[in-house]
Amino acid sequence: GAVVSQHPSRVICKSGTSVKIECRSLDFQATTMFWYRQFPKKSLMLMATSNEGSKATYEQGVEKDKFLINHASLTLSTLTVTSAHPEDSSFYICSAPRVGSSYEQYFGPGTRLTVT
Amino acid sequence: SQQGEEDPQALSIQEGENATMNCSYKTSINNLQWYRQNSGRGLVHLILIRSNEREKHSGRLRVTLDTSKKSSSLLITASRAADTASYFCATDAGSSGDKLTFGTGTRLAVRP
Chain A
14 GAVVSQHPSR VICKSGTSVK IECRSLDFQA TTMFWYRQFP KKSLMLMATS
64 NEGSKATYEQ GVEKDKFLIN HASLTLSTLT VTSAHPEDSS FYICSAPRVG
114 SSYEQYFGPG TRLTVT
Chain B
34 SQQGEEDPQA LSIQEGENAT MNCSYKTSIN NLQWYRQNSG RGLVHLILIR
84 SNEREKHSGR LRVTLDTSKK SSSLLITASR AADTASYFCA TDAGSSGDKL
134 TFGTGTRLAV RP
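Top to bottom, those sequences are chains A and B.
The opening residue of the first sequence carries number 14 in this note's numbering; numbering runs sequentially from there.
The opening residue of the second sequence carries number 34 in this note's numbering; numbering runs sequentially from there.
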């Protein structure tokens, strides 16, 4: 069964609004989670590393004020796309490192964001 | 930026045939992993090979790693229609739980 969940799975919003995406680890704690963005038929691009209890680490070129990340607890990280624009439309995926087996990661099912 | 390049970008084979996908990377790594993604879904971990390993097997999967050439291959034997998916290699160069850098992916289509 799924060990990382994301909510919502799909969301459509209007330009200028903000959208929050949740990533939860189920039955395990994750001090670190990762947020990726994926365009159609393309690879995953790491956006940021979410750290429980501290600020997220953003990859080069990713606007931290645009993509707000909050790692509120050991099982929850949220990504908020602020003032969304059509070009923010994408597939957003989170992951958490597998407990006890280092390096492998569990991925959430992804969230399809469409900004109209 | 993407470290890994994969080829082919797309592969179409008949059920029962073998599928080989290749991945190249640019920097030193600790491990290389292969993931599978069904259309519009999350990724599923397939296999991990450490930098000091050269070959690894898991069921119908065979992975090789050549650190001198900075390349890896994934072989799926006796393919099934259910193997249709995108396959990505991913590398990490840091400590446990570190971020992964993904390749460009290979879209595999297995015809029944």
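Glycine is no exception: its CB is placed at the ideal position from the N, C-alpha and C atoms.
Small disclaimer: the values here were computed from a predicted structure and weren't measured.
Worksheet item: Can you pull the DSSP bridge partners for PRO99 of chain A?
Response: Looking at the DSSP assignment, PRO99 of chain A forms no beta bridge with any residue, so it has no partner.
Practice prompt. Using a Cβ-Cβ cut-off of 8 Å, state whether GLN66 of chain B counts as contacting chain A.
Written response: Interface residue, yes.
Worksheet item: If you run the structure through DSSP and keep just helix, strand and coil, what is ALA43 of chain A?
Response: ALA43 of chain A sits in coil when the DSSP states are folded into three classes, being neither helix nor strand.
Fill in: For ASP125 of chain B, the first and last residue of its enclosing beta strand (DSSP E)
From DSSP, the beta strand (DSSP E) with ASP125 of chain B extends over 118 to 125.
Discussion item. Please report the straight-line C-alpha distance between CYS36 of chain A and ALA118 of chain B, rounded to a whole angstrom.
Written reply: In a straight line, the C-alpha of CYS36 of chain A is about 24 Å away from that of ALA118 of chain B.
Practice prompt. Residues of the region 77 to 101 of chain B with a CB closer than 8 Å to any CB of chain A: list them in chain order, please.
Written response: Answer set for the region 77 to 101 of chain B: VAL77, HIS78 and LEU81.
Worksheet item: Would the beta-carbon of SER103 of chain A fall within 8 Å of that of LEU126 of chain A?
Response: One thing to note: SER103 of chain A has its Cβ within 8 Å of the Cβ of LEU126 of chain A.
Worksheet item: Which stretch, first to last residue, makes up the beta strand (DSSP E) that contains TYR119 of chain A?
Response: Start and end: 118 to 120.
Worksheet item: Is the Cβ of THR137 of chain B closer than 8 Å to any Cβ of chain A?
Response: At least one C-beta of chain A is nearer than 8 Å to the C-beta of THR137 of chain B.
Item to complete: List the endpoints of the continuous beta strand (DSSP E) containing PHE80 of chain A.
Response: Residues 80 to 86.
Discussion item. Contact criterion: CB-CB distance below 8 Å. Does TYR116 of chain A meet it with respect to chain B?
Written reply: Taking 8 Å as the threshold, the shortest C-beta distance from TYR116 of chain A to chain B falls below it.
Worksheet item: Contact check, THR100 of chain B vs GLU88 of chain B under 8 Å by CB: the rounded distance?
Response: The Cβ separation is near 12 Å, so there is no contact.
Item to complete: Look at SER84 of chain B and ASN55 of chain B and say whether their C-beta atoms are less than 8 Å apart.
Response: No, these two residues do not count as a Cβ contact at 8 Å.
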